[in-house]
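Below is one structure, written out as structure tokens; comments come after it.
Protein chains: 2
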Amino acid sequence: MPWSDTPPSRPLRRDAERNLQRILATARRVFAARGLGATLDDIAAAAGVGVGTVYRRFPNKKALLKALFGNKIRELVEIAQEALQQPSGWQGLCFFLERAHAVQAQDRGLRQMLMCDRDEGDQASQTQRELGPLVADLIRRAQAEGALRSDLTATDIPLIAVMISGIMDQCSAVKPELWRRYLTIILDGLRATRDAATPLTVDPLTEEQIERVMGQGAPCAGHGDRGAKTDTTSRP
Amino acid sequence: MPWSDTPPSRPLRRDAERNLQRILATARRVFAARGLGATLDDIAAAAGVGVGTVYRRFPNKKALLKALFGNKIRELVEIAQEALQQPSGWQGLCFFLERAHAVQAQDRGLRQMLMCDRDEGDQASQTQRELGPLVADLIRRAQAEGALRSDLTATDIPLIAVMISGIMDQCSAVKPELWRRYLTIILDGLRATRDAATPLTVDPLTEEQIERVMGQGAPCAGHGDRGAKTDTTSRP
DNA sequence: ATTAAGCGGAGGTGGCACCTCCGCTTGGTT
DNA sequence: AACCAAGCGGAGGTGCCACCTCCGCTTAAT
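If you read the protein sequences in the order shown, they are chains A and E.
Numbering follows the working numbering, in which position 188 of the first sequence is assigned residue number 220; successive positions increment by one, without gaps.
Numbering follows the working numbering, in which position 118 of the second sequence is assigned residue number 150; successive positions increment by one, without gaps.
Right under this line is the structure:
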């Protein structure tokens, strides 16, 4: 299964198979916790194997990522399909946003994958093309009922995901479920009309927690990403 | 003024003064456009001077940043004060969120500064401590009127900023004013009750634009930040 | 017992940001 | 006009870190 899709040339030796599984499991865990920036060296160490062992199974980091995230993204399509079964369009939309973000909440690497790391023909963007029509349908239905504000479009959904992801990235270490609080607020903003606000079931961050999240020593280590050098106004 | 706060040891030579101003102006522009990750080498080149010239005026990058962002952050305090003058609490809150984010929209570096790069006693976190009570007041007033949902707290404000910043970071190159669309939605989510949804005055991204924003080749270059190596559960 | 498959992890490679240093240039002064 | 300290440029030093390779040793399988 790894190492491109060459047919099962021959079964691996038992220890090798065990190591492979260890690597996959550890990689999932590490990328989920630390994001795609985690190095294969880190993963090897965490899995208790040498780097060489990782590189024998996967020619490079990208190949490992592909192996890991291939199906994960299909999950979103399944959630959208299940959402379309919901009794009302509005419920369907809520269901989708809730579940899709719950999946992303577990996995920082997946978030980065969805936000920006796609490259051309891989499953990621392909699956996302499948997702598009389903989401458009969810929106259409909810609007037809008059429940969803009429000026919302399909392209708003990924940008809602961008907002919620921001919360997760900043806060998951301190309060992993906090994103639900803000999704509730956003959903209240999406309703065409409503009376009372939906009660927030997740408590806000305390002053002390917010200090920890925004304060000194937070991520951005070394100022992280240094901004595209290539000008952002034109594209080849 | 630069180089710590030693008294005006002696006026600079005319050409040196000109270069200093060039450096400051360019640094503002570059950090605003590319974020704090921009290098002093980049800034020097953009300003048409050598790196050495930059380092003669500022001992290191941090010093330059301090010189640039000192006042910028006070601006937010002033906005909050002006917001407290508004006729209603709700209008005040809207005014504050609108204006405060408008300032951040112009400046990616400022955003990063506010989100995470503070270190202990500098003006940034100090000013932010000033901001706290003002924001708390804005919220109290808007709730007293019954306009703002009663379960919102002061710590929600910076997290709304996190969400909106996410939009700006992803989209400012493609559609700089897009954040207003999502702020409108969030504000509609913050109202205690409402009838119709506030019309969105900013158009959504087109399919083609969203492709450009999320698609292949986006930021995250090299996967940027590689996730705290130090465990996030304890702090010394 | 034999042997190919597998293993580990030191180290090579490349890239990048921060900053220093020193020989040349130039504004200001006398 | 002549002098010289202040200023300048930018090549290059330093440190760091991620990716990946290589080869002598170990071990499962026959």
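Just so it is clear, CB atoms sit at the ideal spot from N, CA and C, and this is done for glycine as well.
1. Distance, Cα to Cα, A/V234 vs A/L210?
2. Buried or exposed, going by whether 16 or more other CB atoms sit within 10 Å of the CB of A/G84?
3. Going by other Cβ atoms of all chains shown within 10 Å of its Cβ, with 16 needed for buried, is A/S204 buried or exposed?
4. Taking Cβ positions, are E/D47 and E/V62 nearer each other than 8 Å?
5. Please report the distance separating the alpha-carbon of A/R106 from that of E/G247.
6. In chain A, which residues lie less than 7 Å from E/D269 when you measure between Cβ atoms?
7. Quick one: Cα of E/E10 to Cα of A/L163, how far?
8. List, from N- to C-terminal side, the alpha helix (DSSP H) runs of 4 residues or more that fit wholly inside the stretch 58-93 of chain E.
9. If the cut is a Cβ gap below 7 Å, which residues of chain A does E/Y214 touch?
10. Can you list, in chain order, the residues of the stretch 113-127 of chain E whose Cβ is nearer than 9 Å to any Cβ on chain A?
11. Taking only beta-carbon atoms, is A/T185 less than 8 Å away from chain E?
12. Around the Cβ of E/G178, are there at least 16 other Cβ atoms within 10 angstroms (buried) or fewer (exposed)?
13. Tell me the DSSP bridge mates of A/L180?
14. Whole angstroms is fine: what's the gap from A/L170's alpha carbon to A/R50's?
15. Work out the CA separation of A/I55 and A/A79 for me, nearest whole Å.
16. Cutting at 7 Å between CB atoms, please list the residues of its own chain near A/R131, excluding the five before and the five after it.
17. Interface residues of chain E around A/E239 at Cβ under 7 Å?
18. Thinking C-beta only, is A/L180 closer than 8 Å to A/L125?
19. Less than 8 Å between the CB atoms is what I'm expecting for E/A224 and E/S182, so what's the real figure, rounded?
20. Examine chain A for any beta-carbon lying closer than 8 Å to the beta-carbon of E/G84, and answer yes or no.
21. Tell me which residues share the same chain as A/T216 and place their Cβ nearer than 6 Å to its Cβ, disregarding the 5 neighbours each side in the sequence.
22. Could you tell me how far apart the beta carbons of A/L166 and A/L96 are, in whole angstroms, since I believe they sit closer than 8 Å?
23. Note down the Cα distance separating E/R212 from E/R173, rounded to an integer number of angstroms.
24. Counting only beta-carbon atoms, is A/Q202 nearer than 8 Å to chain E?
Result, derived from the coordinates:
1. Position 202 of the first sequence holds residue 234 of chain A. Position 178 of the first sequence holds residue 210 of chain A. So the alpha carbons of these two residues sit roughly 6 Å apart.
2. The count along the first sequence starts at 1 and reaches residue 84 of chain A at position 52. With fewer than 16 Cβ atoms within 10 Å of its Cβ, A/G84 is classed as exposed.
3. By 1-based counting over the first sequence, the position of residue 204 of chain A is 172. Label assigned to A/S204: buried.
4. Here residue 47 of chain E is taken as the residue at index 15 of the second sequence, counted from 1. Here residue 62 of chain E is taken as the residue at index 30 of the second sequence, counted from 1. Not in contact: E/D47 and E/V62 (Cβ atoms no closer than 8 Å).
5. Taking the first residue of the first sequence as position 1, residue 106 of chain A is located at position 74. Taking the first residue of the second sequence as position 1, residue 247 of chain E is located at position 215. Looking at the two C-alpha atoms, the distance is approximately 17 Å.
6. The structure shown does not extend to residue 269 of chain E, since chain E spans only 33 to 268, so no value can be given for it.
7. Because chain E spans 33 through 268 in this model, residue 10 of chain E falls outside it and cannot be assessed.
8. 72-79 and 83-89
9. What you label residue 214 of chain E is simply residue 182 of the second sequence in a count that begins at 1. Ordered by position in chain A, the residues that pass the 7 Å Cβ test against E/Y214 are L191 and M195.
10. none
11. Looking up residue 185 of chain A in the first sequence gives position 153. True, the Cβ-Cβ gap to chain E drops below 8 Å.
12. Taking the first residue of the second sequence as 1, we reach residue 178 of chain E at position 146. Exposed, by the Cβ-count rule.
13. Sequence index remark: in the first sequence, residue 180 of chain A carries index 148 (1-based). Answer by DSSP bridge pairing, in chain order: A/R223.
14. For the purposes of this step, residue 170 of chain A is taken as residue 138 along the first sequence, with counting starting at 1. For the purposes of this step, residue 50 of chain A is taken as residue 18 along the first sequence, with counting starting at 1. Each residue's alpha carbon lies about 43 Å from the other.
15. Locating residue 79 of chain A in the first sequence gives position 47, counting from the first residue. Locating residue 55 of chain A in the first sequence gives position 23, counting from the first residue. C-alpha separation (whole angstroms): 6 Å.
16. The residue labelled residue 131 of chain A in the question sits at position 99 within the first sequence. Within the same chain, A/R131 has close Cβ partners I111.
17. As a working mapping, residue 239 of chain A is identified with position 207 in the first sequence. Per Cβ cutoff of 7 Å: T187.
18. Mapped onto the first sequence, residue 125 of chain A falls at position 93. Mapped onto the first sequence, residue 180 of chain A falls at position 148. Taking 8 Å as the Cβ cut-off, A/L125 and A/L180 qualify as a contacting pair.
19. Within the second sequence, the letter at position 192 stands for residue 224 of chain E. Within the second sequence, the letter at position 150 stands for residue 182 of chain E. Confirmed, about 7 Å.
20. Residue 84 of chain E sits at position 52 when you count from the first residue of the second sequence. By this cut-off, E/G84 is not an interface position.
21. Position 184 of the first sequence, counted from the start, is the residue given in the question as residue 216 of chain A. Same-chain partners within the cutoff: T230 and L232.
22. Within the first sequence, numbered from 1, the residue matching residue 166 of chain A stands at position 134. Within the first sequence, numbered from 1, the residue matching residue 96 of chain A stands at position 64. A/L166 to A/L96, Cβ: 29 Å. No contact.
23. On the second sequence, position 180 is the one that residue 212 of chain E refers to. On the second sequence, position 141 is the one that residue 173 of chain E refers to. Using only the alpha carbons, I get a separation of about 23 Å.
24. Residue 202 of chain A sits at position 170 when you count from the first residue of the first sequence. Chain E, which has a Cβ nearer than 8 Å to the Cβ of A/Q202, makes this yes.
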